[in-house]
Every structure is written in structure tokens, then in C-alpha cells.
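**Q**
Protein chains: 2
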Amino acid sequence: MTAPPPPPPPPEQQDKMRQADNSGIVTGSKPATVSKQYPQSTFNETKVDRDSFYGAIRTIFADSVLKTQLEQLRKQGSYEAFKLQWHPSYDVRPLQGAKARNDGIPPSLFWESDVGKWVEAACYFLMSGEASSHKAEFDAAITELVNMIESAQQPDGYLNIYFTVVDPAGRLKNLRDMHEMYNAGHLLEAALAHYQYTGSRQFLDVMIRNVEFFMKEVGPNEGQIHGYPGHPELELALFRLYAVTRDQRHLEYVRYLLNERGVSRPEYDNFYHHEAKLRDDILNNKVEYQQAHKPIVDQENILGHSVRAFYLLVAAADAGGQLQVAARRLFDQAVRGKMYVTGGFGSEPSFEGFHEYEHVLPQSTAEGGCYAETCASIAAMMTAERFLADKLDGSVRDTLELAFLNAALGGASLDAKAFSYANKMATCCDETAFRKEWFEVCCCPPNLSRTLGLLGGYTWSANVDADNKSISLNVLLLLSATRTIPLGDGVTATVTMKSGMPFQGHTTFEFAAPEGWSWDLHLPSPGYATDVTVSVPTTADNGFLAATLPATASVSLDFNLPVRILASNPAAHDLLTVTRGPIVYVAESVDNVALDERFPHFEGVGLTTTATFTESEETLEGVTVTLLTSASGDFKHLDRWDLNQGYTVAKPATWSPVEDKVTLVPWFARANRGGAGRLRTSFARAA
Amino acid sequence: MTAPPPPPPPPEQQDKMRQADNSGIVTGSKPATVSKQYPQSTFNETKVDRDSFYGAIRTIFADSVLKTQLEQLRKQGSYEAFKLQWHPSYDVRPLQGAKARNDGIPPSLFWESDVGKWVEAACYFLMSGEASSHKAEFDAAITELVNMIESAQQPDGYLNIYFTVVDPAGRLKNLRDMHEMYNAGHLLEAALAHYQYTGSRQFLDVMIRNVEFFMKEVGPNEGQIHGYPGHPELELALFRLYAVTRDQRHLEYVRYLLNERGVSRPEYDNFYHHEAKLRDDILNNKVEYQQAHKPIVDQENILGHSVRAFYLLVAAADAGGQLQVAARRLFDQAVRGKMYVTGGFGSEPSFEGFHEYEHVLPQSTAEGGCYAETCASIAAMMTAERFLADKLDGSVRDTLELAFLNAALGGASLDAKAFSYANKMATCCDETAFRKEWFEVCCCPPNLSRTLGLLGGYTWSANVDADNKSISLNVLLLLSATRTIPLGDGVTATVTMKSGMPFQGHTTFEFAAPEGWSWDLHLPSPGYATDVTVSVPTTADNGFLAATLPATASVSLDFNLPVRILASNPAAHDLLTVTRGPIVYVAESVDNVALDERFPHFEGVGLTTTATFTESEETLEGVTVTLLTSASGDFKHLDRWDLNQGYTVAKPATWSPVEDKVTLVPWFARANRGGAGRLRTSFARAA
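Those protein sequence lines, which keep their order, are chains E and P.
Under the UniProt record's numbering, residues 1 to 687 are what the first sequence spells out, in order.
Under the UniProt record's numbering, residues 1 to 687 are what the second sequence spells out, in order.
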């Protein structure tokens with residue numbers, strides 16, 4: 001067993017270290033490396049106002065969603081699985097009734113990651129003092145899980161349920177598909193959260209031993225497997241581990257994993273082909289799926305599984321240098337050419353991934369695809385956050401907000417009982433948009449929980465320059481919250497933001513720092529906003545508005561949020577979508593029963609670019625949202641075509657006005673109010 | 001070794017048997033079975049006029065394409081492969097540079113079928129007295145191949161290059177993927193043609209022994225593998241074998257193969273899952289790809305690989321009863337909902353197959369897909385022919401003609417040097433529409449050759465009622481040809497058809513039968529034709545025009561072929577296509593250089609429903625075709641969008657008139673005249 005690394009400093013001391021280290025430079029025998037602030041480590045400086053839009057959403061997660069998810073994990077068997085007992089789902093053989101996926105991967109191969117994300121989410125909420133009615137139960141569950149995880153670890157540091165219980169000989173034989181390193185990444189993130197929450201090293205030490213196992217077995221040296229994870233995740237977790245351990249070997253290891261990916265060696269063109277050959281696996285799978293077809297720095301087109309792609313980009317963005325340049329290039333391409341208007345990613349259900357070409361973004365299965373996995377949008381948010389930590393950019397911020405408020409946030413029902421994995425832009429046939437209670441592979445639900453748990457970390461970033469007594473504050477999300485910023489020696493500054501976003505464009509800030517300090521403020525100037533005004537002088541800075549403020553100050557930021565009808569790039573689909581501010585709107589059957597009965601799924605219903613809408617409010621499970629209702633005739637319809645019709649002699653298109661006033665609901669709030677469950681987000685352009 | 005079956009009657013006697021058996025009923029201990037006339041057995045009664053459109057095309061195949069293909073088979077190694085020597089392409093491991101496909105199937109696994117189709121095609125042309133300048137070479141090649149094939153057969157009747165040379169232990173272990181039965185089907189079809197051409201039983205006996213091998217190893221009885229071919233083909237070949245051997249066991253065997261497909265047994269849900277388990281193959285592949293997800297009679301949605309689907313339908317149509325009902329239901333669905341306007345099938349390149357949903361028919365890779373394999377359209381023609389042999393139906397005839405004249409015929413360049421496999425409706429990015437010299441899996445080129453070789457068999461069907469001295473003639477394709485119909489006892493009738501089709505709607509017929517005979521004629525009344533007139537009284541009969549004629553008669557059929565702009569079902573794409581008669585027209589860069597330079601691939605170019613066209617003629621490699629040229633302004637264009645543009649605030653769509661007159665060429669003749677090679681078949685509806 002490898003000797004354990006030096007212990008990380010306790011959390012309090014880390015905070016100080018971070019604050020004292022705002023230069024971001026760590027010196028040592030290796031090249032200087034930027035020390036990042038991660039939202040996961042800073043989130044708890046922020047208290048989100050419970051009586052606000054975002055607060056109400058977080059309350060649903062704290063009070064109900066986490067509990068639902070814990071129950072589902074117990075029911076599924078993943079909770080108990082660390083006891084290393086046999087479970088029927090371990091049988092991957094394509095037997096009648098067996099739980100095997102098309103790719104031969106049993107769902108249980110993801111179990112560590114599901115549990116890990118729940119532990120991580122629970123730690124964040126509990127650290128925030130939330131979920132208080134469940135605290136005893138959650139604490140007990142966390143303790144039991146950590147104990148089971150510790151006991152499941154093998155003497156050599158290996159830690160994986162499936163390959164310990166079912167297939168010990170298969171260990172590390174298939175890094176491409178078998179998720180050993182992916183699971184380790186999520187457990188490591190959970191361990192970091194657990195260490196933060198409890199101050200106990202128990203779980204973190206388990207995971208450091210597990211990382212050391214991989215460092216011994218998988219690496220660049222002779223006798224090691226020159227591989228890398230088929231599903232990235234460990235990489236981004238290792239960067240966060242390094243921020244705690246400051247162990248250069250952890251940093252070197254993630255650099256190895258990132259740089260080795262997609263490399264051809266004299267013995268083989270691709271590591272995944274090589275390990276497949278060693279397994280006598282004759283399938284010559286396309287490794288674009290794993291973003292392993294060429295080195296990251298050479299990739300020009302974002303391809304393959306969307307979640308894998310973005311998790312990889314998070315780590316590449318963190319790595320800096322040419323890896324970050326490549327990550328930004330691929331992120332920009334994804335946003336420009338492969339993103340749904342909701343901030344969803346991945347049009348291809350068959351591999352949960354990107355179409356090869358840009359602008360191929362079908363709305364529904366019946367129109368050629370659509371997937372838009374919740375996790376992909378969360379991972380895109382994570383990627384955007386890394387870029388923004390490096391350099392502010394208004395368009396990247398807008399994407400973070402868009403993906404969060406629409407594609408990601410819609411991944412749970414407001415009653416906390418059901419979740420979505422794919423988030424299709426339109427239903428079709430007998431599909432509905434209703435969410436499901438759980439999934440065999442249930443990566444998305446706890447991923448959304450941990451994202452809500454650390455929301456404060458996404459809200460703003462702060463850097464303290466003690467020498468110049470200056471606090472730099474970059475506001476990324478406009479919401480209602482208070483942040484307490486430690487300035488060292490027990491002194492703090494506070495900033496309180498109150499915002500009507502995402503529905504009203506009025507936001508106020510109260511800044512309070514000790515005398516002699518100043519604030520270097522950056523406020524967002526969103527692309528969707530008009531008539532942006534700030535109560536203090538500002539200068540435009542790459543999509544942000546910069547102001548310097550004295551220690552104590554009040555600032556208000558105001559803008560209008562007109563309805564904007566957005567057009568897609570018409571290369572493959574010429575579609576219009578109603579938006580207002582960062583919110584994307586969708587027509588669903590519950591509000592438009594008569595229209596949906598005549599045109600189920602609103603097929604054949606088009607929109608005019610000159611449509612106007614009236615606003616109304618509705619409160620759903622404590623969350624108040626703005627609905628939009630069109631004027632009569634703003635939507636039009638094609639004469640209902642015969643579904644049994646093939647090609648016909650063309651007649652001039654006749655779009656007839658729809659007399660109905662069409663009511664639209666925010667995308668994230670869809671499928672929460674019953675009805676037939678059919679919907680459509682983007683409409684044909686009605687002439 | 002199983003005892004050989006009773007020898008079939010020699011070809012002359014078969015002809016008599018067929019003529020004497022017009023009742024279609026074969027009696028025996030088994031239920032009565034309709035005895036079909038196959039185009040492969042009747043084609044040689046027809047001589048296609050060399051100085052006609054179809055004759056000119058056949059001349060290209062007879063004089064040049066067959067020779068090109070023979071050279072390519074030699075170059076590829078498939079010709080020599082029956083000598084059972086090692087070949088580098090046999091290595092299926094995913095090694096650098098190795099010839100392995102994504103599915104792990106080496107291209108050489110298809111070699112028997114490629115060679116078989118070439119032998120079959122050469123036999124048809126040689127029987128027709130064509131390819132005379134190559135007769136000696138082709139005869140020698142056929143003889144050498146048949147000798148090699150015979151020598152490659154194993155003592156037990158097994159015949160497969162790969163599993164004899166490379167992997168003897170793999171024999172019959174993977175019926176789903178490994179093409180042993182598929183290859184047998186094509187070789188059996190070749191053997192039937194060879195027997196017809198030479199009168200020698202050499203090849204046919206080899207293949208009967210091979211069929212007997214499968215009958216012994218794969219079947220319903222204890223100790224047998226209860227499987228069926230992953231790629232249908234043997235089934236339809238077995239029906240044709242039965243028509244020669246009249247061996248009820250051959251008929252029973254094909255019925256077993258068809259009825260067992262997709263059946264759940266107590267031991268397993270699906271045979272392919274079962275055999276995968278026996279191979280320790282953990283992949284739980286979707287067997288929709290092989291149309292094996294449920295019994296054929298229960299299938300409601302045509303799914304999976306398009307060529308496999310249609311080959312299966314050919315056999316199911318031949319089987320009659322509920323299998324035929326299911327085949328017709330699936331065929332009708334494919335034509336209505338999953339067919340490109342050219343008669344192409346298969347929108348999904350990733351698995352060369354059908355989209356799950358109807359009307360998802362993207363035009364290009366950049367628009368979401370498009371495949372339209374040449375073989376799929378040939379197989380659709382074959383399916384249509386089986387239905388028409390059973391019952392005339394004008395819409396089925398129209399589909400046969402459409403798929404043949406557009407999707408299939410375009411599979412070879414008119415200079416006989418290059419072939420297409422996928423036939424995409426539009427090019428994109430750096431793609432061109434130019435064909436390729438050969439393919440690693442080259443099923444399509446020789447498939448097209450054999451189709452042209454037996455064209456006379458698709459042209460019309462004849463049934464002789466000797467008792468009533470009546471000749472029933474059903475005309476399926478309008479072209480210039482003469483058919484000599486044996487009436488028994490050496491007496492014949494002739495019918496000569498002269499037609500301007502597919503470009504001019506004037507056709508004449510001269511009927512000459514011995515005195516006392518009459519003709520029961522059915523002429524097509526195509527759906528695309530207007531002002532249809534016949535020079536004799538007719539009655540409408542399900543899309544055909546029926547007339548009774550005396551022994552000697554002249555008939556003329558006339559109709560107009562107006563340009564028709566066809567609209568797709570707008571469920572997924574609202575597109576317009578210019579057609580005239582059975583010919584689909586396409587814009588390609590060579591005729592429209594300036595427009596294609598401004599709008600490469602004609603992206604952003606739309607069409608109005610009121611466009612008018614002028615006609616002109618051009619002769620390409622001896623084939624005269626009609627081109628269409630629009631008036632200025634009939635096509636329109638969107639303001640060129642920024643390819644780097646994501647979502648933008650919508651403005652009213654502005655379609656500006658294209659000043660250029662746009663020239664369109666028949667789809668089959670595309671990519672034959674140089675230029676940039678970009679094209680577009682279907683256009684957005686320009687308001």
C-alpha cells in the first residue's frame with residue numbers, strides 16, 4: 001500500500017490559505033499553477049434568501065428532494081451495495097428480464113457515483129443549515145454510507161462494488177466502459193464535501209488511497225496501464241483534491257490523464273482499441289463517444305456523449321494552457337452550434353450525445369431525435385463557471401444562467417417526487433413530458449441536488465486583496481442572498497443582493513466592508529436585457545459592468561426583460577422560441593387544452609415573429625413564475641395534414657390564424673400541473 | 001452427408017411446367033402452395049430494345065459495368081478468396097490499420113455475396129446475348145469461380161471462406177452478425193442463374209448441399225440451433241430454389257426460418273440474445289436492427305437495417321398468408337412514411353436503416369442524416385414485384401418504377417466506373433455526390449447489375465391459359481422491348497412495346513398471337529400521369545387499365561407528364577421536390593455554378609410551389625435525358641445566415657428571388673458531368 005499523503009490542512013485553515021493566496025500562485029519544484037477557488041469550497045459563504053425564487057427552489061430540494069432521493073437509493077439497492085453482497089442487477093448477460101443495457105453495462109456499474117452525488121448534495125445542504133427536519137436521518141445515512149464505503153475498500157486501495165463482488169478478474173480491463181475511474185471521481189467529490197462538512201478525514205483518506213491505487217496501476221510508466229477514464233469525472237475531482245492536499249503528485253496525475261487521452265503510441269493507435277484487443281473484444285468502437293479519438297488539444301468538433309464531453313472540458317478548463325484553449329473552443333462551438341435554446345445539449349438519444357454537425361437540433365423523437373440530458377446542462381454550467389473563474393465573459397455567464405434555469409432546473413418536478421433525464425423539446429406520439437420517479441442509471445437527480453446545494457458558489461466569486469484592502473466581487477447570478485466574505489483575522493465584509501430575477505429586472509445590493517476597504521464590483525449585463533441602468537457609474541467590461549465602490553455602498557441594477565422570440569440557425573430547422581430574460585417558454589397541453597386536442601403536441605402549429613404576450617403570475621409549490629399568454633392569431637396552424645400521407649402535389653402553404661390565446665409556461669416548470677402532458681418549445685415560422 | 005435431393009427438371013421442362021401450371025397450385029402431402037413466376041426465370045422472354053432509354057442503360061452495364069466490377073472483385077481479393085488462402089483483411093481485431101468495421105465484422109465476411117451477385121448478373125446478361133465482347137472472359141471467370149466455390153465446400157456441405165480459413169470454431173456461433181446464411185442465399189441465387197445459363201447442375205448441387213447443411217444444423221428440432229439469418233436473403237432464395245426443385249423440404253425450411261424469427265421460447269426471449277450468451281458476448285444488442293424483435297406477423301413498424309428489412313419482406317410476401325399481410329403492411333408504411341421522394345429508404349447512416357418514426361427524412365448529414373442505400377431500393381423493387389405478382393396495384397407499381405428509376409439506377413455512374421452505396425439527398429460541408437470506384441463491403445454495385453440484367457422480368461408478367469387460349473399480360477414498366485411468350489408445343493405469341501418513357505408519355509403495343517387466342521391486357525395508369533388515353537376501350541382496375549384484345553392488335557397508351565412539385569409530409573420537414581413523371585429532379589453545381597458558389601449545396605435556397613420549367617434534352621454516355629430549367633425568380637433564397645450564428649432575435653423571414661434560372665437534372669444522372677459535385681434534391685418551401 002502506498003504511503004498516505006501528507007494530511008490536508010483543516011477546513012478553517014484552508015479558508016485562510018485560500019484567502020491569503022489570492023494571487024493564485026503556488027510555488028514549488030513544479031511550474032507555477034493557478035490555485036482555483038471552487039464553488040464547492042466557497043458556496044457556504046452565501047446564504048440564499050429562502051423567501052425568493054431561488055430560495056423557494058432550494059427549499060424544495062432541502063426539504064423534500066433529498067429525502068425522496070435517499071429513499072430511491074435505498075429502494076434501488078445502491079445504498080446497501082457497499083456491503084458487497086450479490087444483487088440480481090449484477091447479471092449483465094442478455095438474459096430474459098435481466099437488467100442489462102444495450103451496451104452490456106449493468107446499471108449497477110454507476111451505483112457508487114449515484115450515492116456519491118447524494119452524499120455530496122446532502123453535505124452541502126446540511127452545511128448551509130438547511131434540510132434541518134431531516135438532519136438526523138441524513139447524518140446517520142452519511143455516516144453509515146461512509147462506513148460501508150470504507151469497509152468496501154480492498155487492502156490495495158481498490159474500491160468498486162461490481163468488480164469486487166462479481167468480476168474481480170475484470171478489474172481495470174476495460175477503462176473505456178466500466179466506470180471504475182468515473183465512480184472514483186464522484187466518490188472523491190463526495191469525500192471532499194464530507195471532509196468540509198464533518199472535518200473528519202475518514203472518507204477523504206479512503207478516497208486518497210483509492211486515487212493512489214489508480215496512480216500506481218494506470219499511468220505513463222513501464223508496467224502501468226497507459227489508460228484514462230472512459231467517462232471523465234475523476235479528472236475534475238483530482239483538481240479539487242489538489243486544492244486541498246496541495247500534493248503535486250495529484251496535479252501531475254490529472255495532467256497525465258488529460259494529456260494521454262486520445263494519444264497514439266507506437267504500439268497502438270488508440271488505448272481503447274488496445275485494451276479491447278487484450279480483452280479479445282472484436283468491436284472496433286468509435287472512440288469519439290469517449291472524446292478519445294484524438295488528443296484534447298487537437299479536437300475541433302465536440303463529439304460523442306455530451307456529459308462525458310463537458311466533464312472533460314471542466315477539467316481541461318482547469319488545467320489551463322492549451323488544454324484550456326481547446327476546452328474554450330469546444331465549449332463555444334457547443335453553445336453556438338449544438339445547444340438547444342433551453343441550454344440543453346445532445347440531440348442523439350441513441351448515444352446520449354452530440355450530432356456530428358452543427359445546428360442539427362430536432363425537437364422530438366418524431367422529428368429526428370432530441371435528448372438534452374439534465375447532467376449535460378449541469379456539466380455545461382460547471383464548464384462555464386471554470387471559464388468565468390479565469391476571465392469574465394458576459395456570453396459565458398448568459399449560457400451558465402440559461403442552462404441552469406431551463407435545461408437543468410427542469411430536471412425535477414416541483415413536488416420533489418419525479419425527475420427527468422432526457423429533456424425533450426417537444427413530445428410526440430404517446431410520449432408525455434411527465435418525469436419519472438427514478439432511473440436504472442440515475443445520475444441526473446442527485447447531480448441536480450448537489451448543484452442546488454452549492455448554488456451560492458455559482459452566484460458570485462470573491463477575491464480579497466488584503467494588501468490593498470480591496471474586495472473583488474464578480475456577480476454571476478442575480479438572486480436574493482447575502483454573502484459574508486472573510487477578510488482575514490476574523491474580520492468580514494458582507495454583501496446583500498435582492499433581486500426579482502429571473503422574472504423582474506430590478507436588483508439591489510448593499511455592500512458593507514470595514515472602513516478603509518473598497519469593492520471592485522462586476523455586475524452582469526445580460527444579453528437578453530434592455531435599458532440596463534446602474535445607480536453608480538460603471539464601465540462596460542466584456543459583457544459585465546464594472547464599478548469601484550467604497551466600503552459601504554448601495555447599488556441598484558435595473559433592466560427590462562422584454563419577450564424575445566428567438567430564431568434558430570436555419571441550416572437544419574427554422575424554428576422560433578418565445579423567451580423572456582433567461583427564461584424559455586413552452587406551450588403545454590394543460591394550459592391549451594382545445595388547441596392540443598386539435599393539434600396534439602402542437603404539431604403543425606407555427607408562430608409569427610410579431611407575436612405579443614401578456615404576463616400573469618402563478619405560484620407552483622411555493623415558486624412564483626410568470627406565464628405568458630399570446631394574443632389571438634399570433635399562433636397559426638397548418639391545415640392538419642393526414643398522418644397517413646406520403647408525398648403529395650404541393651399547394652401554397654396556408655397558415656391559418658389560431659383563434660386560441662396560447663399560454664406559455666417557463667420550461668423548468670413544465671409538466672407540473674397535470675393535463676395531458678404534451679408540449680412544444682419551438683415552433684415553425686408561420687408566414 | 002445428407003442424401004442429395006431429387007434433381008430439378010432441366011430448364012426447358014421447367015418452362016413447360018410453369019406454363020402448364022398457371023393455376024399456381026402445387027399438390028402434394030403439404031398444403032397447396034402458390035407457385036410463383038419469378039422475374040429471374042422469365043426475364044429472358046423479353047428483349048429490351050438497345051436503341052431506347054432502358055436499352056442504352058443496359059448496354060452500359062453489359063459492355064462496361066460488368067467488366068469494371070469483375071476487375072474490382074479480382075483487385076479486392078474476393079475473387080481469389082474461394083481458394084481458402086489467408087488474406088490480410090481477415091484480421092478483425094481493432095488493430096491500427098486493420099480492416100475492421102465498427103461492428104467488428106471484417107468486410108471479407110460479405111465476399112461470397114458480392115461474387116455471387118456478379119455471377120448472377122453476368123449469367124443474366126450472357127443469357128440475353130449481351131456482353132458479347134466480354135463473353136469469353138466472363139464465361140471463363142464464371143467457370144473458374146464455380147470450380148473454386150465447389151472446391152471450397154467442406155465435406156459436410158458447409159461453405160464459407162472466413163469460417164473455414166480463419167475461425168472454424170466460430171461456425172454457426174453468431175447467426176446474427178456473421179452472414180453465413182446471407183452469403184448462402186446470394187450464392188444460391190447465383191447457382192440458380194448459373195443453372196439457367198449453362199444447364200449444368202454443378203453450382204446448383206453445391207448450393208443444395210449447402211442448404212442441406214443448414215437444414216441439418218439450424219432448425220426446430222432437438223439438437224438443432226433454433227436460429228435464423230441475421231441478414232435475410234437465404235429465405236427469398238429458398239423460395240426460388242423450391243420453384244426449381246419442388247422439394248417440399250425446401251419450402252418447409254423457409255417457412256421455419258420466417259416463422260421462427262423473433263419468437264420467444266421458454267429458454268430465452270430472443271434467439272440472438274441466447275446465442276450471444278452462449279458466446280459470452282455481453283452486448284445486449286437491439287434486435288430490431290435484424291427485424292428479430294418480434295415475429296414478423298406481429299411487426300407494425302418497419303425498423304432496423306433497411307436492406308435486411310426489405311429482403312425479409314420479399315420472402316414474407318412470397319410466403320403468402322399472414323406473413324404476406326404483414327409484409328404488405330410494413331411495405332405500405334415504409335412507402336408512406338419512411339421513403340425519400342426518390343424511392344430511397346433509410347435515413348440513419350449509423351445503422352443504415354429506418355428512423356423509428358415516420359417522416360423523419362433529413363436530406364443531408366448536416367441536416368440530421370440520410371442514407372438511402374442503393375440495395376435498399378433494389379430490395380424494395382423486389383418486394384413490390386412480389387406483391388404485384390399476387391395482385392395488381394397501381395400505387396405499388398408506381399413505387400417499383402420510382403425506386404428503380406431514381407434511387408436504384410443512380411447507383412452507378414454512366415461511365416461505368418464508379419458506384420454509390422449511400423445516396424444522400426443533399427451534400428453538405430466538404431461532401432460531394434461523386435461515386436466511388438469500389439467499397440470494402442460492395443453489395444450495391446453487383447446488385448444493380450443483376451437488377452439491370454433481369455430487367456425484362458420486371459417489365460411485365462404473363463400468364464397463359466391454354467384451355468381458354470387467353471394470354472394475360474400485366475405491363476409494369478413502360479419501355480421499348482419485345483416479349484416472346486411460349487404457349488406450349490413450340491407455339492409463341494409476341495408483344496412489342498415502344499415507349500418514350502420515362503420522359504415521353506407515348507407508348508405503342510403490337511400484339512401477335514396465333515389465331516383463336518386473345519389477350520387480357522393490363523396497362524399502368526401511373527399516378528403522375530394526366531390525360532391518360534388508350535386507343536382501345538379499357539376499364540379502370542386498381543391503378544391499371546384493363547382491356548381484352550383479339551389475337552392481333554395494336555394499342556397506344558398516351559398521357560401527359562407535367563412537372564409536379566411534390567410536398568413532403570410536413571411532420572418533420574416541409575420540403576418541395578421537382579418531379580416529372582417518375583423522374584425526380586435535382587439541382588447540382590455543374591449546371592448552377594454561380595448559385596452554388598453563393599449558396600454552397602444550395603443551402604438556404606427555397607422553391608415556390610408555382611415554379612414553371614422549360615425542358616431540354618442532353619445525351620450522357622448514350623442516354624438521352626430531359627433537363628428542366630426554372631424561370632428566373634422561381635427559386636428564392638434566405639439571406640445568407642452566419643454559419644457561426646446560434647440563436648438570434650427573430651425577424652420576419654425574407655425570401656429574396658434568385659435571379660438565376662436553376663437547371664435540374666434527373667436524380668439518377670446526377671454527378672456524371674464533373675463540376676463541384678454539390679447537390680440538393682428537396683428545397684425549403686419559399687414563401
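Even glycine gets a Cβ: it sits at the ideal position worked out from N, Cα and C.
Note that this is a predicted model, so its numbers are computed, not measured.
According to DSSP, simplified to helix, strand and coil, what is threonine 399 of chain E?
**A** helix
**Q** Look up lysine 135 of chain E in the DSSP assignment and say whether it is helix, strand or coil.
**A** For lysine 135 of chain E, the secondary structure class from DSSP, reduced to helix, strand or coil, is helix.
**Q** At the level of alpha carbons, what is the spacing between leucine 73 of chain E and alanine 403 of chain E?
**A** The alpha-carbon atoms of leucine 73 of chain E and alanine 403 of chain E are separated by roughly 26 Å.
**Q** Based on the DSSP secondary-structure assignment, which residues constitute the bridge partners of histidine 506 of chain E?
**A** E/Asp558
**Q** For serine 568 of chain P, which residues from the same chain have a beta carbon less than 6 Å from its beta carbon, with the 5 sequence-adjacent residues on both sides left out?
**A** Within the same chain, serine 568 of chain P has close Cβ partners Leu575.
**Q** Of the choices P/Ala676, P/Ala653, P/Thr626, P/Gly675, whose alpha-carbon is the least far from that of valine 665 of chain P?
**A** P/Thr626
**Q** Just to confirm my understanding: we take lysine 424 of chain P, look at its own chain, exclude 5 residues before and 5 after, and list those with CB closer than 8 Å. What are they?
**A** Gln363, Ser364, Thr365, Cys370, Tyr371, Ala372, Glu431, Ala433
**Q** Do histidine 359 of chain P and glutamate 348 of chain P have their C-beta atoms closer together than 8 Å?
**A** Histidine 359 of chain P places its beta carbon 8 Å or farther from that of glutamate 348 of chain P.
**Q** Please report the straight-line C-alpha distance between leucine 145 of chain E and glutamate 120 of chain E, rounded to a whole angstrom.
**A** 12 Å
**Q** Please report the straight-line C-alpha distance between glutamine 324 of chain E and leucine 312 of chain E, rounded to a whole angstrom.
**A** 11 Å
**Q** Quick one: residues in its chain with C-beta nearer than 6 Å to the C-beta of proline 657 of chain E, no 5 flanking neighbours on either side, listed in chain order?
**A** Gly633, Lys636
**Q** Assuming the contact rule is C-beta atoms closer than 8 Å, leucine 620 of chain E and alanine 553 of chain E should be a hit. Round their C-beta distance to whole Å, please.
**A** About 36 Å separates the two Cβ atoms, so there is no contact after all.
**Q** Looking at the secondary structure, which residues open and close the beta strand (DSSP E) in which alanine 567 of chain P lies?
**A** Counting along the chain, the beta strand (DSSP E) containing alanine 567 of chain P begins and ends at 563-567.
**Q** Tell me threonine 612 of chain P's beta-bridge partners as DSSP assigns them.
**A** None, per the DSSP bridge assignment.
**Q** Identify the residues that DSSP records as bridge partners of tyrosine 242 of chain P: which are they?
**A** DSSP lists no partner for tyrosine 242 of chain P.
**Q** Look at the alpha carbon of histidine 293 of chain E and the alpha carbon of aspartate 639 of chain P, and state the distance between them as a whole number of angstroms.
**A** So the alpha carbons of these two residues sit roughly 36 Å apart.
**Q** By Cβ distance below 8 Å, which residues in the same chain neighbour phenylalanine 419 of chain P in space, the five residues on each side in sequence not counted?
**A** A distance below 8 Å between beta-carbons, with the five flanking residues on each side excluded, links phenylalanine 419 of chain P to the following residues of its chain, in chain order: Thr374, Gly411, Ala412, Ser413, Arg435, Lys436, Glu437, Trp438, Phe439, Cys442, Cys444, Pro445, Leu448.
**Q** How many whole angstroms separate the CB atoms of valine 244 of chain P and leucine 566 of chain P, which I take to be in contact at a CB cut-off of 8 Å?
**A** The pair is not a contact, with the Cβ atoms about 42 Å apart (cut-off 8 Å).
**Q** Would you say arginine 246 of chain P reaches chain E, if we count a Cβ-Cβ gap shorter than 8 Å as a contact?
**A** no
**Q** At the level of alpha carbons, what is the spacing between methionine 127 of chain P and asparagine 44 of chain P?
**A** 7 Å
**Q** What separation, rounded to the nearest whole angstrom, lies between the Cα atoms of threonine 538 of chain E and leucine 557 of chain E?
**A** Cα to Cα, the separation comes out at about 11 Å.
**Q** Are the region 299-307 of chain P and the region 266-279 of chain P in contact at 8 Å, needing three or more beta carbon pairs?
**A** no
**Q** Find out if the Cβ-Cβ distance for the pair threonine 484 of chain P, lysine 498 of chain P is shorter than 8 Å.
**A** no
**Q** So who's on the other strand from leucine 473 of chain P, going by DSSP bridges?
**A** P/Ala462, P/Leu521
**Q** Going by CA-CA distance only, name the one from P/Gly516, P/Asp489, P/Leu455 that's closest to serine 470 of chain P.
**A** Distances from the alpha-carbon of serine 470 of chain P to those of P/Gly516, P/Asp489, P/Leu455 put P/Gly516 closest.
**Q** What did DSSP end up calling cysteine 429 of chain P once you bin it into helix, strand or coil?
**A** coil
**Q** With leucine 409 of chain P and isoleucine 57 of chain P assumed to form a contact (beta carbons below 8 Å), what rounded beta-carbon distance in angstroms separates them?
**A** Right, their Cβ atoms sit about 7 Å apart.
**Q** What's the gap between the Cα of alanine 326 of chain P and the Cα of serine 377 of chain E?
**A** 43 Å
**Q** Look at the alpha carbon of alanine 152 of chain E and the alpha carbon of glycine 346 of chain P, and state the distance between them as a whole number of angstroms.
**A** Approximately 49 Å between the Cα atoms of the pair.
**Q** Strictly by DSSP, which residues pair up with lysine 636 of chain P?
**A** P/Gly606, P/Pro657
**Q** Taking only three categories from DSSP, how would you classify threonine 552 of chain P?
**A** strand
**Q** Output the distance between the C-alpha atoms of threonine 654 of chain E and glutamate 659 of chain P, rounded to the nearest integer angstrom.
**A** 25 Å
**Q** Do we get a CB-CB distance below 8 Å when we pair serine 525 of chain P with the residues of chain E?
**A** no
**Q** Where leucine 236 of chain P and serine 525 of chain P are concerned, what is the direct C-alpha to C-alpha distance, given to the nearest angstrom?
**A** 29 Å
**Q** Using C-beta distances below 7 Å, list every residue in its chain close to glycine 28 of chain E, excluding the 5 sequence neighbours before and after it, in chain order.
**A** The predicted model places glycine 28 of chain E with a pLDDT of 32, which falls under 50 and marks its position as unreliable, so this point remains unresolved.
**Q** Taking asparagine 210 of chain E as the reference, which of E/Ser200, E/Gly262, E/Leu238, E/Gly230 has the closest Cα?
**A** Measuring from the Cα of asparagine 210 of chain E, the nearest candidate turns out to be E/Leu238.
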